[in-house]
Every structure is written in C-alpha cells, then in structure tokens.
Amino acid sequence: MKFTLGQIAAILHAKLEGNPETEISDLSKIQEGHAGSLSFLANPKYLPYIYTTQASAVIVQEDFEPQEALQTALLRVKDPYAAFTFLLQKVAELQRRPKSGIEKHAFIADSAQVAASAYVGAFSYIAEGAVIGEGAQIHPQVYIGEGAHIGAGSVIFPHSTIYHQTVVGANCIIHAGACIGSDGFGFAPQADGSFQKIPQLGRVVLEDEVEIGANSCIDRATLGDTLVKKGVKLDNLVQIAHNVEIGSNSVIAAQSGIAGSTTLEENCMLGGQVGVVGHLTLAKGSKIDAQSGVNKSIKEPGQAFRGSPIQLFRDQLRSEMVFRKLADMYQQMDRLEKRLEELESPSI
Amino acid sequence: MKFTLGQIAAILHAKLEGNPETEISDLSKIQEGHAGSLSFLANPKYLPYIYTTQASAVIVQEDFEPQEALQTALLRVKDPYAAFTFLLQKVAELQRRPKSGIEKHAFIADSAQVAASAYVGAFSYIAEGAVIGEGAQIHPQVYIGEGAHIGAGSVIFPHSTIYHQTVVGANCIIHAGACIGSDGFGFAPQADGSFQKIPQLGRVVLEDEVEIGANSCIDRATLGDTLVKKGVKLDNLVQIAHNVEIGSNSVIAAQSGIAGSTTLEENCMLGGQVGVVGHLTLAKGSKIDAQSGVNKSIKEPGQAFRGSPIQLFRDQLRSEMVFRKLADMYQQMDRLEKRLEELESPSI
Amino acid sequence: MKFTLGQIAAILHAKLEGNPETEISDLSKIQEGHAGSLSFLANPKYLPYIYTTQASAVIVQEDFEPQEALQTALLRVKDPYAAFTFLLQKVAELQRRPKSGIEKHAFIADSAQVAASAYVGAFSYIAEGAVIGEGAQIHPQVYIGEGAHIGAGSVIFPHSTIYHQTVVGANCIIHAGACIGSDGFGFAPQADGSFQKIPQLGRVVLEDEVEIGANSCIDRATLGDTLVKKGVKLDNLVQIAHNVEIGSNSVIAAQSGIAGSTTLEENCMLGGQVGVVGHLTLAKGSKIDAQSGVNKSIKEPGQAFRGSPIQLFRDQLRSEMVFRKLADMYQQMDRLEKRLEELESPSI
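As structure tokens, then:
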C-alpha cells in the first residue's frame, strides 16, 4: 500500500497536524515506528514513545496535548484504537486476493459440488457428495469428507480435516491442522477390562462467522450434533468433545477443553488451558479465568470464576492470597496452641 | 437404514409394545426423538422425556412402568443402553464401506508393500519399505514413513504422520492429524548455554486395537520403543513422550501429557489435562482425575487420585473444601490470637 | 552400522577391556542389552544391570571398579554419557541420507525459488515467492506459504504449515503438523456482543537452530514479528501467541502456552503444561515447573518458580505441604477455639 497522510486523514475523518503529502507505506506499533510507517497511541503505557517514535505519523485522541516536542505528524480522532483497527482491516482487504477455480492436482469426487467462484488448492481432497459454497477458499492439502458442506465465503487453511457430514456455515475461518468431526471419545467397558467403541454417528455443525484456531479439534456427536453457534471464536489447540454446544459469540482461548455434552450459553469467555467437565451448563456471559477447572454448572449469568475447582473470582483470589501464607499460618497455629497450653496449666 | 419395529425387536430379543410394521430410519437421543427415530431410556434423569418424545419407539428396561400415557412404542429389554449401543454398532457397520485399491495420485515407493485388500487414498505417501496390511484403510493425505508397518484392518485418517519404523498393530484407529514417531524431546546442555540434540533412534510400537485421537502426538524412543499396549484409547491432543509405556486397556482423556520414560500399568484411567512427570510407574487400575499433576510413582493398584500435586481422591477433596474457607480461617486465627492475648495479659 | 570394539575404542579414545574384534551392530539401554549391542552406565541407579546385561560392551567411567564378575566388555572413558551421545550422533549421521531434488507430484509456484541441493517431497506445496535454502529437506505434504523463507539445512516434516511471509532460519527442525504463522487471536468486541476480527498483518521469525515439536502452533504478530530466537527448543503441542518473543536457548516442554506479547529472555526453561499470561517479561534463566501459571513478570534472573499462580519454588513447596494437612488444621483450629472458650468462661 502507499497513501498520503492527507488521504488517510480523509478516510478516518481525522484532524491532521503535519504534511498531507507525506507518504505512508506501512502500519507499525509505536515503539517499532520507522520512516513511512503510521502508528497509534491508545494505551497510556505507551505515551513516552510518542516523543521518540520514528513513525511518520501517529493516530492520537482528539484532545491529546503533547508535553514535549514531537518529531511525528499527528492524526487526531475520537478513538485511536478503532481508527487503527479500521486501517488494519483496509490493508488486510487490499492484501487479500481471493482465488477461484480448481488448482491442478486437486481431487474432486464425481458427486461433489464446487461453486464456480470457489477456490480449491492443489492436493485438496473433496469427497463424494461434499458441497463447497460460493467464494469459499479451500487452501491446498485440505480434506473435505463425504457429504460435508462448506458455506459461502469460508476459508479453510492447509491440512485441516473436515470429516464426513460436517456442516461449516458461511464466512467461517478454519486454521491449519484443525480437525472437525473426529469421533467422540466413547467406549463401553467390557467384563474383561477392555473397551468397546461406541460408534459416533452424529455430526459437527458450525454456524456462520465461526473461527477455529490451528490444530484445534471438535468431535462429532454420538447422535445429533456437536454445535458451535454463530460468531464463536476458538483459539489454537482447543478440544471440544462430542455433543457439546457453544453459544453464539463465545470466545475460548488456547489449549482449553470442554468435555462431552456440556453447554456454554452465549457470550461466554474462557481463558487459556481451562477445563470444563462434561454434562454441565454455563450461563450466558460466564467468564472463566485461565487454567481454571469448571466442575459444576453455572446458573447466574455474567459472573467471573477462577481456580481448579472454580470459585467466584474474588473468593478464589482471597483463598490464593492466604495459600501463599499457609506455612506461616501453620507455625502460628502451633505457637497459639503452646500459649494456650501454658494458660491451661496452672503456673504453680 | 430402514427397518420395521418387528425386525428390530427380533434382533434385540425385545418385547415390543406397539405396531411391528412401524418403520425406523434413524437413531436419536430421547430428547431429540422424531417420527421414524428409535431412542432409549437408561439414565433416570431422562425419564420425563419418555412422555413427550417424538421418537417412534423407545428401548426401555423390561420392568419399566409408565406413570402417564405414552405416544411412543416400547421395546423392553434387560439392558437398554447395551441394546442401543448394539444397534449403533449395527448401523455403523452398515455405513462403513471399506474401500480397497490405490487411489489416483497416491505415492507408493518402489519397495513399499500394500496388501491387495488395503485402500490408499489420494495424496497419501507410502515411503520405501513400508508395509500396509490386509484391509487397512489409509485415508487420503496420510504419511507412512520408511519401514513403518500398518497392521491389518487399521484405519488411518487424513493428515496423520506415521514416522519411519513405527509399528501400528491390527485394527487400530488413528484420527486425523495424529503424529506417531516424532523425535523425543532430548537435548544435552552445552557449556555456552545452547543445547545439542540427542538423536532419537528408537521407535513407537502400537499394539492391536489401539485408538489415537486427533492431533495427538507420540514420540519415538531415544533407544528401544515407546510402547502403547493392546486396547489403549487416547483422546485428542494427548502427548506421549519418548520411552513411555502405556499398559493395555488404559484410557487417557484429551490434552493429557505423559513425560519421558514413565510407565502406566494396565487399565489406568486419566481424565483430561492431566500431567504425569517422567520416570514414574503408575500401578494398574490407577485413576487420575482431570487436571491433576502426578509427581510420584503409585504403587498400590486401583486407587483414585486428584490434585496437582496429587493426593488420594478423598484427601484432596477435604483439602479443597478447606481451601475455599481459607480467608475466613485466616481471620478466625487472628481473632483467636487476640482473645489469647487478652487472657494472657492480667486484667488489672 | 557394524564396527569392531577396537574401532569404537579408537573413536572414543577409550581404554578397552575385552576383545577388540567383537562386532557391534547396535546401541541399546543397559537393561535392554543384547549380543552385538553397546550400552553405557552413567546413572548409579542402573549399576546392578552391568552384572547381568547381555550387551557385548558397556561404556563406563574410567575409574569404575566392578564388585562382581562381568560378562561384558568395558570401554573406560571420562564421561560415559557424553561418549554414548557422541556415538548416537555418529549413528544418526550415518542413518541420515539427505535427499535432493523435487519429487514427482510436488507443486512449485512459478516465482518460488528452490535451491538445487534442497529436497521437496511429493504433495508439498511451495507458494509464490517462497524461497527454499540449500540442503533444506521439505518432506512430503508440507505447505510453504507465499513469500516464506526456509533457511539452509532446515528440515520440515510432513503436514507442517508454514504460513505466508514466515521466516525459518538455518538448521531448524520443524516436526509434523506444526503450524507456524497462523493468525493471532485478536478480536474487537462490538456493541451487539459479537467480535470483529483484528487482521493479523505481522510475521513469525524463527532464528537458526530452532526446533519445533509436532502439532505446535506459533501465531503471527498483529504487526511486527513473533520472534523465536536462536537455539530455542519447543516440545509438542506448544502454543505461542502473537507478538511473543522467546529468548535464545530457551526450552519449553509439551503442552505449554505463552499468551500474547509476552517476552521470555534467554535460557528460560518451562516444564510441561505451563501457562504464561500475556504482556509479561520473564528474566533470563527463569525456570518454571510443570503445570505452573505465570501471572506476573519475573525480574530477577535465574530463579525457579512453581504453582498456579506461581511462587518461588521453595515457598510453593511449603504451601503445598500444608495444603495436604488443611483438613486437620481446620479441625485443630476448632479445638483451639473450644479450649479458649473454656478458659474465657470463669469456671465458677
């Protein structure tokens, strides 16, 4: 990209202090600014950098008052972070060049349907009965199983495995190596100590605008559907077991796992490395801190939890604070007991 | 599938209450029953659904006594869950259509041997000296390294990597993206702070009827074998380090990890996100609760543990219960000390 | 391989006690020794095996004094473990047969550059503008995105995804299924509860001699670089978020995760299943025990931590020790209170 500051000011409806002819060819963090880059200042923590940054211009709050001399141009807006994110999106759009057509060396089964505007990369395998929607981008080396549906505009990165019958909605993003529709982990214990596999005959359904991180796994239901609702975002290496339901606009950070048949209502947020036991329900807007272990259903919406097993966030912090003093407390108790003994035994 | 209730009753040796001509085309959970579906009632928690289910028939205990009017037919058997699982397996068998032959675009090295009844999918790579047994199903986009052996009837899903020399027994299932035989994590610290790789020259051996979940990893041994014995079931995203040995019929839930040279004896069960330190032995039948950290060997068989680090299950629960009251306990101790001080100081 | 003991003694500058014509064809652990194998004794724990091992020879400390009769030859050296590791490396070198050339069925885009001495396996995809250095080994079924650079001598195992613009240094090893350069997990919350994706325009840069475990994930930076410095070793299933920086010669065990914008200085060591919160700095040489949760920056170098949240290693051990006695402590406090009450109430 290459724009003048004047053009960018117009796009952002920003008040420019600087030369409108200055050319901007890059976006950068303020501490990594360089000639030709545009940055932003939103977090006060980064304030000192504005006096030293090499960025050609910085987006700031409309009422920003510098305390020292500046070497950079300013673009004053109401919300610098939102303005910068908007520019990021514009740049991403310019960089995005959706492909169409079927690359040499792709395998398309006879009964599969690939929309004319979709792209299927080399070494991808589209099995019998699979359907690829308009504009979908199936990168190279992807597997789309029998009867799977990929919605319009969805992007599937390399080495993802979309098992048979899986449904992916519109405008989803599935990162590399994700497995959608692998068998649920169900086995019936036998008298001789061995385990018999319980066939997993259900599906996985992802609604629209779902994003799945790299190498994450979502198991198909035993019967019925494992369901990931609209707008859900999963980070990398997340595990979603069979028959789980994840409410719309829920966000789950990396390496968390949800055991079978649990339901998250909408707008839940899980930190990284969280575990949730099976057959629970988490009320909408539940917030679970990183590394927590959820072992009971949450009924009241919008509460924050922490710990393994979880307590209310504040209660857990209080317990943790005392945990750090436990050894002292143990000795204090011993001293108290000794003092008590002295009082109990008559001194003469 | 399409069967009449009469046919199904005969298969299950069930007592039918309803029209033997009713057609069944689907299995469902009782709460998701619909016309043409057959469901089951095993867990009393789901009892209310039997009076409202839309399922055409429900498998129930032979002595089930309805308390209200039923709209569904009944199939009475001794063990409804076992009967339903049996039907699931029958349906799965009907759906399973093992393929044979080598698909166009597969790569088979000159010295590799592929049994005539095996299937190798497109874009799969069978390296020099590899052996694929009778009836094995190598799905598309699988990698089978040099000299690896895949036993008869085993199924390998897309994007799995079976490194060189790995041995996979008969009737194993390896889900998508699993890595079997990657290098163990061994490095010798050098004087300058860097690390020198210790070559990993051993193998991974999976015995028969092992199932490995999606994106799980099993590292090859430094020397000798990393060994996964008969009937072991691993869930998704599990990590098994070099020189580990997992006893037969052990079951490990998602995102658990076993560090190097540890041995699990037979019939161990690990919940999700468990970690086990290296060079330990866990006695047969050990049960480890989710998110636990095992930092010592377990000698007595058949015991249950929990916590990080682990305690006996009951002891850990008792500690956790008090942990929740720690802040109160801390204040109580302070109050006790003040009362003690008052007693100690003469009132006059 | 096949060497005589005399040859091996010469290579190791070892003092041989045994027949120099004995042929050695294998390396083994001492407890798994067999005719023709060479083993070593470094850890005193394994001392008893030297009297029973079937190995044809064992490398021992130069001053080793057997207490019983030996059936095996001895090779006396200063550091048996180092000598054995040296032999492992020699064997690994002999086994390593780097390939060169482009295998049939590989996809090389028109503007990609592949060095003449590099190898690209079947079904690998080298996108536009990608550069593959001298001697690099791109195994089958690898994806190298647009403009990515793979340094000389690096080895990329099957099913790895190297996203666009990623830089991999020289002599790196990337195990199967690793994803380098997937999008950072960044979303801006919207008024309606949904999340808007923040485009991830940065890169991932791996310096030289980095090793990445199977199915590990490293996210690209939002802007700038996610940076993994020289000599870093990551185990399997590790998650590195966007804009993280990992100092040289740091080592991270399996299933650990580092959240966004955190910096590890050089020579840090993280155990398995560790979590580190975002925007922190860990001083050089920090050691974090398995399953710990790091929720604050570490300023003093070279210290060991443990727990979730972390304490200094020793402090955490002390707290854990009391945690195991918490239930007893709770009852003790109750008893103290009762005794105090008795003292407080005048006996007459």
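Residue numbers (the working numbering), protein chains in the order written: chain A, 1 to 348; chain B, 1001 to 1348; chain C, 2001 to 2348.
Virtual Cβ for every residue (Gly too), placed ideally from N, Cα, C.
As the structure is a prediction and not an experimental result, all values here were calculated from the model.
8 Å Cβ cutoff, residue i in contact with chain E
{"i": "A2241 of chain C", "result": "Here the protein chains are A, B and C, and chain E is not one of them."}
Residues near residue i in its chain [Cβ-Cβ closer than 6 Å; skip 5 each side]
{"i": "V1142 of chain B", "result": "S1124, I1156 and S1160"}
{"i": "S1117 of chain B", "result": "S1100, E1134 and G1135"}
{"i": "G2247 of chain C", "result": "K2229, L2264, E2265 and E2266"}
{"i": "V2167 of chain C", "result": "H2149 and V2205"}
{"i": "S1297 of chain B", "result": "L1280 and T1281"}
{"i": "G1068 of chain B", "result": "The amino acid at residue 1068 of chain B is misidentified as Gly; the sequence shows Glu. Once the five neighbours on either side are set aside, the close Cβ partners of E1068 of chain B are Y1051."}
{"i": "S261 of chain A", "result": "N243, G278 and H279"}
{"i": "H1175 of chain B", "result": "F1157, G1213 and A1214"}
{"i": "Y46 of chain A", "result": "I30"}
{"i": "N2295 of chain C", "result": "V2277 and P2309"}
First through last residue of the beta strand (DSSP E) which encompasses residue i
{"i": "I1180 of chain B", "result": "C1179 to S1182"}
{"i": "E2017 of chain C", "result": "K2015 to E2017"}
{"i": "F2323 of chain C", "result": "Run containing F2323 of chain C: none in the beta strand (DSSP E); it sits in the alpha helix (DSSP H), F2313 to F2323."}
{"i": "I1011 of chain B", "result": "Element bounds for I1011 of chain B: not the beta strand (DSSP E) but the alpha helix (DSSP H), L1005 to L1012."}
{"i": "K1197 of chain B", "result": "F1195 to K1197"}
{"i": "V244 of chain A", "result": "Unbroken run through V244 of chain A: none, as it is neither H nor E."}
{"i": "A2092 of chain C", "result": "No beta strand (DSSP E) holds A2092 of chain C; the alpha helix (DSSP H) holding it covers P2080 to Q2095."}
{"i": "T1022 of chain B", "result": "Here T1022 of chain B belongs to no beta strand (DSSP E), and DSSP marks it neither H nor E."}
{"i": "I2218 of chain C", "result": "C2217 to D2219"}
Residue i, enclosing alpha helix (DSSP H) - first and last residue
{"i": "L1336 of chain B", "result": "L1326 to E1344"}
{"i": "Q1974 of chain C", "result": "Since the first residue of chain C shown is 2001 and the last is 2348, residue 1974 of chain C is not available in this structure."}
{"i": "G1204 of chain B", "result": "It should be noted that the sequence gives Val, not Gly, for residue 1204 of chain B. Where V1204 of chain B is concerned, there is no enclosing alpha helix (DSSP H), although the beta strand (DSSP E) it sits in stretches over R1203 to L1206."}
{"i": "F305 of chain A", "result": "Premise fails: F305 of chain A lies in the beta strand (DSSP E), A304 to R306, not in any alpha helix (DSSP H)."}
{"i": "P189 of chain A", "result": "Note, P189 of chain A: premise wrong, no alpha helix (DSSP H); beta strand (DSSP E) at F187 to P189."}
Integer-rounded CB distance, given that residue j should sit under 8 Å from residue i
{"i": "N249 of chain A", "j": "G184 of chain A", "result": "Their Cβ separation, rounded to whole angstroms, is 25 Å, which puts N249 of chain A and G184 of chain A out of contact at 8 Å."}
{"i": "G121 of chain A", "j": "I138 of chain A", "result": "6 Å"}
{"i": "A1241 of chain B", "j": "I1258 of chain B", "result": "6 Å"}
Residue i versus the options, residue with shortest Cα-Cα distance
{"i": "P1140 of chain B", "options": "B:G1133, B:A1109, B:G1169 and B:G1177", "result": "B:G1177"}
{"i": "S1319 of chain B", "options": "C:L2326, C:A2152 and C:D2334", "result": "C:L2326"}
{"i": "P2044 of chain C", "options": "C:V2168, C:P2066, C:K2284 and C:P2189", "result": "C:P2066"}
{"i": "A82 of chain A", "options": "C:K2299, C:A2191, C:L2027 and C:R2220", "result": "C:A2191"}
{"i": "R2324 of chain C", "options": "B:D1334, B:F1313, B:M1329 and B:Y1330", "result": "B:F1313"}
{"i": "I2173 of chain C", "options": "B:Y1046, B:P1098, B:P1199 and B:P1309", "result": "B:P1199"}
{"i": "L2016 of chain C", "options": "C:L2027, C:Q2061, C:I2126 and C:T2052", "result": "C:Q2061"}
{"i": "A109 of chain A", "options": "A:I132, A:L88, A:Q95 and A:P98", "result": "A:I132"}
{"i": "Q2316 of chain C", "options": "A:S25, A:L234 and A:M321", "result": "A:M321"}
{"i": "D2026 of chain C", "options": "C:I2310, C:A2106, C:A2092 and C:G2302", "result": "C:A2092"}
{"i": "P2098 of chain C", "options": "C:F2086, C:D2079 and C:G2153", "result": "C:G2153"}
{"i": "E1245 of chain B", "options": "B:A1106, B:V1276 and B:G1271", "result": "B:V1276"}
{"i": "G1293 of chain B", "options": "B:A1304, B:Q1303 and B:I1310", "result": "B:I1310"}
Cβ neighbours of residue i in the same chain (closer than 7 Å, five flanking residues each side left out)
{"i": "G2147 of chain C", "result": "G2129, A2130, H2164 and Q2165"}
{"i": "Q2273 of chain C", "result": "Q2255, S2256, A2290 and Q2291"}
{"i": "L1223 of chain B", "result": "L1201 and G1202"}
{"i": "K233 of chain A", "result": "E211 and V251"}
Same chain, Cβ closer than 8 Å to residue i, neighbours up to 5 away in sequence not counted
{"i": "V2058 of chain C", "result": "I2030, G2033, L2038, S2039, F2040, L2041, I2050, T2072, A2073, L2074 and L2075"}
{"i": "S1028 of chain B", "result": "H1034, S1037, L1038, S1039 and A1055"}
{"i": "P2301 of chain C", "result": "E2265, A2283, K2284, G2285 and S2286"}
{"i": "A14 of chain A", "result": "I8, I59, L75, R76, V77 and A83"}
Cβ-heavy atom distance, residue i to the ligand GTP, below 7 Å
{"i": "K45 of chain A", "result": "This structure lacks the ligand GTP; in fact it carries no ligand of any kind."}
Proximal residues, the segment 1236 to 1263 of chain B versus chain A, C-beta separation under 9 Å: N1236, L1237, S1248, N1249, V1251, A1253, A1254 and Q1255
Residues in the segment 1307 to 1318 of chain B having any Cβ partner in chain C nearer than 8 Å: S1308, P1309, Q1311, D1315 and R1318
Members of the segment 2271 to 2302 of chain C near chain B, C-beta cut-off 7 Å: G2272, Q2273, A2290 and Q2291
Cβ-based contacts, 7 Å cut-off: residues of the segment 2155 to 2187 of chain C near chain A: H2159, T2161, G2177, C2179, S2182, D2183, F2185 and F2187
Near-chain C residues of the segment 67 to 93 of chain A - C-beta to any C-beta below 7 Å: T85, L88, Q89, V91 and A92
Selection of the segment 319 to 347 of chain A by Cβ proximity to chain B, strictly under 7 Å: S319, V322, F323, M329, Q332, M333, L336, R339, L340 and L343
Positions along the segment 118 to 152 of chain A whose CB lies within less than 9 Å of some CB in chain C: G121, A122, F123, H139, P140 and Q141
Residues within the segment 185 to 206 of chain A neighbouring chain B, beta-carbon criterion of under 8 Å: F185, F187, A188, G193, S194, F195, Q196, K197, I198, P199 and L201
Chain-ordered residues of the segment 2021 to 2045 of chain C with a beta carbon less than 7 Å from chain B: L2027, S2028, K2029 and E2032
The segment 92 to 109 of chain A: positions lying closer than 8 Å to chain B by Cβ: H105 and F107
Under 7 Å (Cβ pairs) to chain B, residues found in the segment 2217 to 2236 of chain C: G2231, K2233, D2235 and N2236
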